[in-house]
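For the sequence shown, the positions run 1268 to 1558 when our numbering is used. Worksheet: one structure, shown below.
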Amino acid sequence: MVQHCVRMHAQPKWSLLLRKAAEMTVADIVHFLFTSHGSKAKLATEEQFAAMTPTSTKKSGEIQKSAMELVIEETEPAEQFVVVETESPANVPFTMAVLVDVFRYLCSLINPDEPANTDSMRMMSLNLINNIIEIKGQSFPDSPDLMSVVSFELTKYLIQSLRPGGPPPLLTSTFRVCFNLFATLRVKLRFQFELFLHSLIALFDDKISDNVAESILELLVQFCEDPTFVVDIFCSYDCEVSSGNLLEELIDFLYRVSHFFRPKPNLRTLRRRAFNICCLPMCWRLMVCWL
């Protein structure tokens, strides 16, 4: 159903209303899947323990509650419970494999090297992935399959999307997904975060548009607002023999950009310097507070 709605959304000959309806349907399906999976499992667990009450000298009883059958058998001399759980097919919660398949499919839609992925499809997928990270990002490490998709597919396509000349709306959406992803799972994605920062710095050159430059600096300001960001970068990378001096490279980049001027400075270039002036003192202040 998700694939069918995505194909409907990608049809340029169809009406805008129909394509928008398909996009909203995909968003509702994804929101339902990733919000109800944990709540259903929790509810089933609570009902299971509520139904497990001790019995005295009666024979084995059978209790059915919420489509679950709990067979309680008593043995001598103490009361012991043997629970046999069966579920009705109509009320079986969908498994984690469903979430993994949907999430992997959404990640494949943001692949910039796939000709079939149009800009509208990539934009829709980026928005959906961002919502998923906000809903279930904290619990990604609990699922090895989901974490594998994040580590090897999502981060690869996000970093590949950081290319000069890309559409500014797509780059802005990519920055937003990257921020939420690394703000939530930076500890689990150390290598991917290092590649991301290097790609972000390489994206900033003399030919970059003003809107993209401001988006990059705003993203760095958001990272620096986290009190643990600078200290975590310093301890995880600069203090490691096998890693590069990531914090040193970041501060050097901010210093160079803060002195960057085009031949005719305008209001936007002044705003760039203003963003850098916000980043540099913030980095030093956090370092001094940590020391």
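C-beta atoms are modelled at their ideal positions from N, C-alpha and C, and glycine is treated no differently.
Please state if the CB of residue j and the CB of residue i are separated by a distance shorter than 7 Å.
i	j	result
Leu1421	Cys1374	yes
Leu1438	Val1479	yes
Val1416	Phe1471	no
Ala1294	Thr1385	no
Ile1296	Val1273	no
Ile1442	Ser1392	The question names Ile, but residue 1442 is Phe in the sequence shown. No. Outside cutoff.
Cys1445	Leu1462	no
Glu1302	Ile1399	Strictly speaking, residue 1302 in this sequence is Thr, with Glu absent from that position. No.
Ile1468	Phe1520	yes
Ser1503	Arg1430	no
Gly1404	Thr1451	yes
Pro1382	Ser1428	no
Between which two residues does the alpha helix (DSSP H) harbouring residue i extend?
i	result
Pro1494	Taken as a continuous stretch (DSSP letters only), Pro1494 belongs to no alpha helix (DSSP H), as it is neither H nor E.
Asn1447	Pro1435 to Leu1452
Asn1398	Asp1386 to Lys1403
Val1416	Pro1411 to Val1416
Met1275	Val1269 to His1276
Cys1506	No alpha helix (DSSP H) contains Cys1506, which DSSP labels as neither H nor E.
Ala1469	Arg1457 to Leu1470
Lys1423	Thr1422 to Gln1427
Arg1371	Met1363 to Ser1375
Strictly under 7 Å for the Cβ-Cβ distance: is residue i near chain D by that measure?
i	result
Asp1477	Any reference to chain D falls outside this structure, which holds one protein chain only.
Give the single residue among the options whose Cα lies nearest to the Cα of residue i.
i	options	result
Ser1410	Asp1380, Lys1474, Val1367 and Arg1389	Val1367
Leu1376	Met1390, Met1363, Ala1364 and Arg1453	Met1390
Val1454	Glu1516, Ile1500, Leu1484 and Val1508	Ile1500
Val1365	Ile1396, Leu1413 and Met1388	Leu1413
Phe1490	Phe1460, His1271 and Pro1408	Phe1460
Arg1523	Leu1484, Phe1419 and Thr1292	Leu1484
Tyr1372	Leu1395, Glu1515 and Thr1362	Leu1395
Leu1517	Lys1287, Val1488, Val1508 and Met1388	Val1488
Met1388	Glu1507, Pro1279, Val1498 and Phe1407	Pro1279
Pro1435	Asp1477, Ser1466 and His1465	Asp1477
Asn1397	Gly1433, Cys1506 and His1298	His1298
Lys1423	Leu1300, Thr1362, Ser1466 and Val1508	Ser1466
Ser1406	Met1363, Val1497, Glu1290 and Ala1289	Met1363
Val1498	Glu1515, Phe1419 and Leu1283	Glu1515
Leu1486	Ser1440, Ala1288, Lys1287 and Ser1509	Ser1440
Phe1496	Ser1509, Leu1464 and Val1508	Leu1464
Ala1289	Gly1433, Asp1505 and Met1275	Met1275
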